[in-house]
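Just so we're aligned, residue 450 is where the sequence shown starts under this note's numbering, counting upward by one.
Glycine included, each C-beta is placed from N, C-alpha and C at the ideal position.
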Amino acid sequence: MPTDPIAAATHADPYPYYAALREGPPLAWNEKLRAWVASRADVIEQVLQAHGALRVRPVAEPVPSAIVGSPAGEVFGHLVRMNDGAAHQAHRPALQRALAGLDMDAVYASALQVAQRVQQQEQPLSDTLFSIPVQSVAHLLGFADDALPQVDRWMRDFVACLSPLSTPEQLQHANTAASELMARFETLAARNAPRHGTLLAAVLAEGSGDAPLSRSLLANLAGLLSQTCDATAGLVGNSLIALMREASLLPSARTRSGLQAIVEETARHDASVQNTRRFAAQAVTIAGTDVAAGDTVLVLLASANRDPAFNAEPDRFMPLRERRRMLGFGHGMHACPGQALACTLAAASLHTLLQQHAAGLEAQRLGGWSYRPSVNGRIPVFH
Ligand code: HEM
């Protein structure tokens, strides 16, 4: 059993532990983490709908103290993901509409092309899990093909600052990466007309049209890459693990619809974002429990997906589930606007990886895997 709900995110099999938590109180106080823990789907929906009282950042620390005042801190401070109220509303509708307007057939086709080039970079499989989706989104945004590997490296450096586990050296790299990325986005957006059909052109068309673009919108464009990075790498890696565990799924992985179904069931069954947090800006009562101002609530999204009151036979991996319900992409005001994009990118990544690795899946399974150190991401590293 994991030692606590944070350790569960990277545990070999956290699901029996989550099941035991769901048998407990709706909100359980965890003294070690000094946080309330929500594990049932109905309670998690209530927590994520209580936007007024429960915020995405602590009121006293809108930007983590380790990066406040730095280039990485500047980007972090602008992200809609990390803000509530007016700052959240400023860009969220434009990002949401631009992502909703993507043509997923075109996204799939372009991700396959990017994936072919990434495969030629000859890096370990565990890194390719990141590179295909990140470079695909960079391509969608409008970066030139030869810039993609560099944008990918900066993004990997930048996302390290989002984790409380990062070292001072990683934070330093994250700052360099944040400055470089902001400069590149500025150049890209300053072109007279960003390439037609790009995600950047779509965001600009949805936005206020102000030129030059605000630092805040530029940061949120970079945010589309950072939101893609760890979460989609985890989804691709966990889908591969699902195929390693159940070889009978392999025939259905030969079609795009089969791949899509495997990826979507993986997102439910073995979520890459296992938890998120909320911070009480004022006192609030959730499922009969009083949460005081200043308290933290840890929200176990991956547990909700396995709640039998939410999905029938939740522990079975069923790509053709009739009514799949999912909280792994969040819920309520901050719900992920990139869910369809993420699943399409993951299906294209899986298609490409299987072409090269299908014959070696059994050897990979025997070699085993562990999970990258993280407080909420479930991203495998294959041995
Ligand atoms: C498997 C991949 C992904 C997973 C599991 C995932 C999951 C999530 C979750 C759980 C949240 C809400 C966090 C919270 O409420 O505390 C979120 C927010 C967000 N995601 Fe995703 N995401 C994924 C991929 C993407 C992609 C590809 C994009 C866009 C390119 C994206 C863009 C965003 C944005 C902009 C937000 C903030 C929304 C807001 O706060 O209004 N995500 N994501």
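In the DSSP assignment, what are the bridge partners of W818?
-> F831
Proximity test, F778 beta-carbon vs ligand 1 heavy atom, cut-off 7 Å = yes
For ligand 1, is there a heavy atom less than 7 Å away from the beta-carbon of L684?
-> yes
Taking the continuous alpha helix (DSSP H) assigned at F728, which residues delimit it?
-> Here F728 belongs to no alpha helix (DSSP H); instead the beta strand (DSSP E) covers 725-729.
Say yes only if the C-beta of G672 is nearer than 7 Å to one or more non-hydrogen atoms of ligand 1, and no if none qualify.
-> yes
On the three-state DSSP scale, how would you describe G826?
-> strand
Would the beta-carbon of R530 be found less than 7 Å away from any heavy atom of ligand 1?
-> yes
What are the boundary residues of the beta strand (DSSP E) that includes I430?
-> This structure leaves residue 430 out entirely; the chain is present only between 450 and 832.
Measuring alpha carbon to alpha carbon, tell me which of A539, L482, G473 ends up nearest T452.
-> L482
Considering only C-alpha positions, which residue in the set A623, L749, T616, L614 is nearest to V600?
-> A623
Could you check where the beta strand (DSSP E) with Q769 kicks off and where it finishes?
-> The residue you asked about is not Gln; residue 769 is Leu in the sequence shown. First-last for L769: undefined, no H or E at that position.
G501: CB within 7 Å of a non-hydrogen atom of ligand 1 | no
Can you tell me the Cα-Cα spacing of A729 and V512, whole angstroms?
-> 16 Å
Check whether the stretch 487-506 touches the stretch 635-649, counting contact only when three or more Cβ pairs, one atom from each stretch, lie closer than 8 Å.
-> no
D739, DSSP secondary structure in three states | strand
By a C-beta neighbour count over all protein chains shown, 10 Å radius and 16 as the cutoff for buried, is V508 buried or exposed?
-> exposed
Close Cβ partners of R774 (< 7 Å) along its chain, the five nearest in sequence each way excluded = F759, N760
Does DSSP put T647 in a helix, in a strand, or in coil?
-> coil
Endpoints, the beta strand (DSSP E) within which V746 is located | 745-748
Got a sec: does ligand 2 put a non-hydrogen atom nearer than 7 Å to the Cβ of S721?
-> Ligand 2 is not among the ligands present in this structure, which contains only ligand 1.
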